[in-house]
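Worksheet: the structure to be examined is printed underneath.
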Amino acid sequence: MSHPIGLRATIANGQREVMMFGSIRHLWKRTLAALALCLAGGLVNGQDFERAPISYETAPVDNPVSRLQARLDSGESKLDYDDRVGYLKSVLRELDVPESSQMLVFSKTSLQRHRIAPRTPRAIYFNDDMYVGFCQHGDVAEFSAVDPQLGVVFYTLDQEETDKPRFTRQNDNCLLCHASTQTRSVPGHLVRSVYVDSVGFPVFAMGTHRIDHTSPLAKRWGGWYVTGTHGEQTHLGNLIVSGKQVREPVDNTAGHNVSDLSSLFKTSAYLTPHSDLVALMVLEHQAETHNLVTRANFTTREALHAETRLNKDLNEPEGHRWQSTTTRIQSAGNELVKFLLFSGEASLTAKLQGTSSFADEFTARGPRDLQGRSLRDFDLERRLFKYPCSYLIYSRSFDALPREAKDFVYRRLWEVLSGADQSKDFAHLSATDRAAVREILLATKPGLPDYWKTSLTVEPTQ
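Adding 14 to a residue's 1-based position in the sequence shown gives its number in the working numbering.
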């Protein structure tokens, strides 16, 4: 159909206006989407895990403490009371937390700080998903349990004998420190190294260090007792400073390669006389790994929750994926992958040897492949573990990651372990390391994607 020139021009201009309006509307929708998702991300980073979809205080709990409480309530389990340590020995047994994991901290940096001093250190015990704190003459024993959907959940148990022991959940008192930027803005753990005076107070003028497996040994263990040998490597354990010492470096020669703490405090008041350096190093890796698993979980769930609302508001089809959602999930996943594979781990320059049975008991927990290899095998000469992939990949928290997060983490792990990713973040992994970790996981980790089992090539992550 033909039109006069003027009419054709009017129609063309109208089409351009419609197209322009459509483009503006599309751009506006995407801008609104990006803003909404960024705001949602900011809420999570701002500790807003109290609201949906996390609902930290009101969501059902499922962790070692909640399951033990259920057994106590049903009569299936019973806690025995000891005049010296209250319910400690019994509750460790029920939670499968080894006494050999004992570590002793004498800095006043926790809930019952008035009970803590160099003469009466706080004892901490742990396994893969439990942490237990005990103070001499403490009013309560302290517990932090890793919950697959909530991160760390905090409890106390009164140390007075009773017919019906009951764990009490704690939120406000614990979350002040245990849900901050220091814990990746999720309910988690923070391992600190501080200079401590003769009473146990941190000397903040000398600085503090946040510790994980990337921290140099020389900055670790301030405020902690440490037993074990480590050659000429230095650390800050077993060190008490005077008020006049306000600068690094400090002379801690007397605190190095210590195997007996009995001259410093009454070790017989504790379950063991040890504060094993291998246990300390495992704790430092594990605490931050838990934080990153929780962060990946929360970030993914919140991003998907915000996306669902946004799609509804903008009349997008159900399941429409915004790039900002993908970016948030991948950002948290990449941080987790780097930590799982010990990216940035501080190197050791001499052999470490603990004083307790912790290393042997930890290693015995397996699992192992047909060659007898396990991610729990220690190295302790060049690095912490012989096969550099975290054993927490077997944890309930990792398995409970949302599908979108877990799929991405598995793909990134495969890219690194297959050798496709040779970036500097993973330059510490030799071809032998990558092959060994890959083979161990294929033999011991249920639920791996099929492409792990069929090919050494996979399409790179976009």
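Glycine included, each C-beta is placed from N, C-alpha and C at the ideal position.
Following the DSSP letters along the chain, one finds Q116 in no beta strand (DSSP E), marked with neither H nor E. Restricting attention to D226, V217 and S289, the CA atom closest to the CA of G251 is found in S289. Excluding sequence positions up to five before and after G347, its CB lies within less than 7 Å of the CB of A310, A419, F422, V423 and R426, all in the same chain and listed in chain order. Following the DSSP letters along the chain, one finds G147 inside the beta strand (DSSP E) bounded by residues M144 to F148.
Of D447, G461 and Y401, the smallest CA-CA separation from Y408 is found for G461. Of the residues assessed, Q163 falls on the buried side of the cut-off, its CB having 16 or more other CB atoms within 10 angstroms. In this structure the segment 230-244 touches the segment 115-125; the number of beta carbon pairs closer than 8 Å is three or more. Contact between the segment 172-182 and the segment 78-94 is present: 3 or more CB-CB pairs across the two stretches fall below 8 Å. According to DSSP, residue pairing for L171 in a beta bridge involves A155 and F181. Ranked by how close their Cα comes to the Cα of E113, the residues L93, I130 and F148 have F148 in first place. Residue range Q337 to L354 is occupied by the alpha helix (DSSP H) that includes S338. Between the segment 316-328 and the segment 398-406, the count of C-beta pairs closer than 8 Å stays below three; the two stretches do not touch. By the Cβ test, the segment 269-279 is not in contact with the segment 154-171, since fewer than three Cβ pairs between them sit closer than 8 Å. Counting only runs of 4+ residues, the alpha helix (DSSP H) found wholly inside the segment 67-105 occupies 78-88, in chain order.
The Cβ atoms of P135 and F279 sit closer than 8 Å to each other.
One alpha carbon belongs to E316, the other to D94, and they sit about 42 Å apart.
The beta carbon of D383 is closer than 7 Å to those of E453, I454, A457 and T458 in its chain, skipping five residues each way along the sequence. Restricted to the segment 406-434, the alpha helix (DSSP H) segments that are unbroken, complete and at least 4 residues in length are 410-413 and 417-431, listed in chain order. Exposed is the label assigned to A378, since fewer than 16 other Cβ atoms lie within 10 Å of its Cβ.
Going by beta carbons, G245 and K365 fall inside the 8 Å limit. Going by DSSP, T222 is part of the beta strand (DSSP E) stretching over T222 to R224. Apart from sequence neighbours up to five positions away, the residues of its chain that approach P287 with a beta-carbon distance below 7 Å are L275, S276 and T281, ordered along the chain. By the criterion of a C-beta distance shorter than 6 Å, V208 is surrounded in its chain by S121, P216, T222, G236 and G237, once the five residues flanking it on both sides are discounted. In this structure, the alpha-carbon of P381 lies about 8 Å from that of L389. Taking every protein chain shown into account, the CB of H227 has 16 or more other CB atoms within 10 angstroms, so this residue is buried. When rounded, the separation of the alpha-carbon atoms in F440 and A301 is 21 Å.
Taken through DSSP and simplified to helix, strand or coil, V205 comes out as coil. Scanning its chain for C-beta atoms nearer than 7 Å, with the 5 sequence neighbours on each side dropped, one finds around S212 the residues P132 and I254, in chain order. Taking a contact as a CB-CB distance under 8 Å, the pair G165 and T308 counts as one, their CB atoms being some 4 Å apart. Secondary structure of D161 (DSSP, three-state): strand. A distance below 7 Å between beta-carbons, with the five flanking residues on each side excluded, links L355 to the following residues of its chain, in chain order: P402, C403, V430, F440 and L443. Annotation: Y284 is outside any alpha helix (DSSP H) and is labelled neither H nor E by DSSP. In the three-state reduction of the DSSP assignment, A320 falls in the helix class. Membership of F372 in any beta strand (DSSP E) is not indicated; the residue belongs instead to the alpha helix (DSSP H) covering F372 to T377. For A449, the enclosing alpha helix (DSSP H) covers residues A445 to T458. Its Cα nearest to that of L362, the residue R234 stands out among N185, R234, D153 and D172.
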